[in-house]
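Residue numbers (our numbering): 82 to 266.
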């Protein structure tokens, strides 16, 4: 009889030890799972953050390429206003995906037609600023001022229709759903 009790005590003891071991393994597994999940989330956030920064830098470099081209053309246009149409034609030949134009302060346009209402930031170019603006129907416009002495006489711009944005700026570098946000400082 005494051996039955001691056997029963041993099996209860073993059962309790197995339960305790199972609980410890469950808690340890849960802690490890949480740590691994947190590390993976941190790595994913870092990766997305780096891709976003790379994409912004790439877009900035591409915008600056067009701004510098337009700036060079605007300097030439300041000195050779009579060659306005030839300058626009040269800009259009250099990049077949965009259309160039010149706008005066009254809104008179030579070349590609745009509206100051579709691109409200375009007016900043008349204040002497380089401009990059976006309109959902019109696409992206890059504009620079053309000076006459100290005053802005025209705005020289190049508009890239929405359908050409991926070809020109490569806005879908990471996936087909990439979008770019243009922020004004």
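Don't be surprised by glycine CBs; every beta carbon is placed ideally from N, CA and C. Just so you know, these numbers come straight off a predicted model, no measurement behind them.
Name the DSSP beta bridge partners of residue 181, please? Taking the chain shown and counting its residues from 1, one reaches residue 181 at position 100. Per the DSSP secondary-structure output, residue 181 pairs in a beta bridge with 239.
Could you please give me the residues that DSSP links to residue 224 through a beta bridge? In the chain shown, residue 224 corresponds to position 143, counting from 1. Partner(s): 212 and 238.
Would the beta-carbon of residue 238 fall within 8 Å of that of residue 185? Position 157 of the chain shown, counted from the first residue, corresponds to residue 238. Position 104 of the chain shown, counted from the first residue, corresponds to residue 185. In this structure, residue 185 does not lie closer than 8 Å to residue 238 by Cβ.
Under the three-state DSSP convention, the category residue 255 falls into: Locating residue 255 in the chain shown gives position 174, where the first residue counts as 1. With a pLDDT of only 40 at residue 255, under the threshold of 50, the placement of this residue in the model should not be trusted; the figure read from the coordinates follows. If DSSP states are grouped into helix, strand and coil, residue 255 belongs with coil.
List the DSSP bridge partners of residue 129. Position 48 of the chain shown, counting from 1, holds the residue named residue 129. Residue 129 pairs with nothing; no bridge assigned.
Nearest CA to the CA of residue 210: which residue from 219, 199 and 223? As a first step, residue 210 must be located in the chain shown, where it is residue number 129. Per the Cα distances, 223.
Three or more C-beta pairs below 8 Å linking the segment 172-184 and the segment 192-210: yes
By the three-class DSSP mapping on this structure, what secondary structure does residue 122 have? As a first step, residue 122 must be located in the chain shown, where it is residue number 41. If DSSP states are grouped into helix, strand and coil, residue 122 belongs with the helices.
Taking a contact to mean a Cβ-Cβ separation below 8 Å, would you say residue 204 touches residue 220 in this structure? Position 123 of the chain shown, counted from the first residue, corresponds to residue 204. Position 139 of the chain shown, counted from the first residue, corresponds to residue 220. Against a cut-off of 8 Å, the Cβ pair of residue 220 and residue 204 comes out as no contact.
By the 10 Å Cβ neighbour count, where 16 or more other Cβ atoms means buried, how is residue 60 classified, buried or exposed? Examination of residue 60 is not possible in this model, given that the chain is present from 82 through 266 alone.
Roughly how many whole angstroms lie between the Cα atoms of residue 196 and residue 117? Looking up residue 196 in the chain shown gives position 115. Looking up residue 117 in the chain shown gives position 36. Their Cα atoms are separated by approximately 53 Å.
Neighbourhood of residue 103 by C-beta, 6 Å cutoff - its chain only, sequence neighbours within 5 removed: For the purposes of this step, residue 103 is taken as the residue at position 22 of the chain shown. None.
Helix, strand or coil for residue 249, going by three-state DSSP, please let me know. Counting from one through the chain shown, the residue named residue 249 turns up at place 168. The answer is helix: DSSP assigns residue 249 an H, G or I state.
Can you give the Cα-Cα distance for residue 163 and residue 233, rounded to whole angstroms? Reading the chain shown from its first residue, position 82 is the one you call residue 163. Reading the chain shown from its first residue, position 152 is the one you call residue 233. Approximately 17 Å, taken between the alpha carbons.
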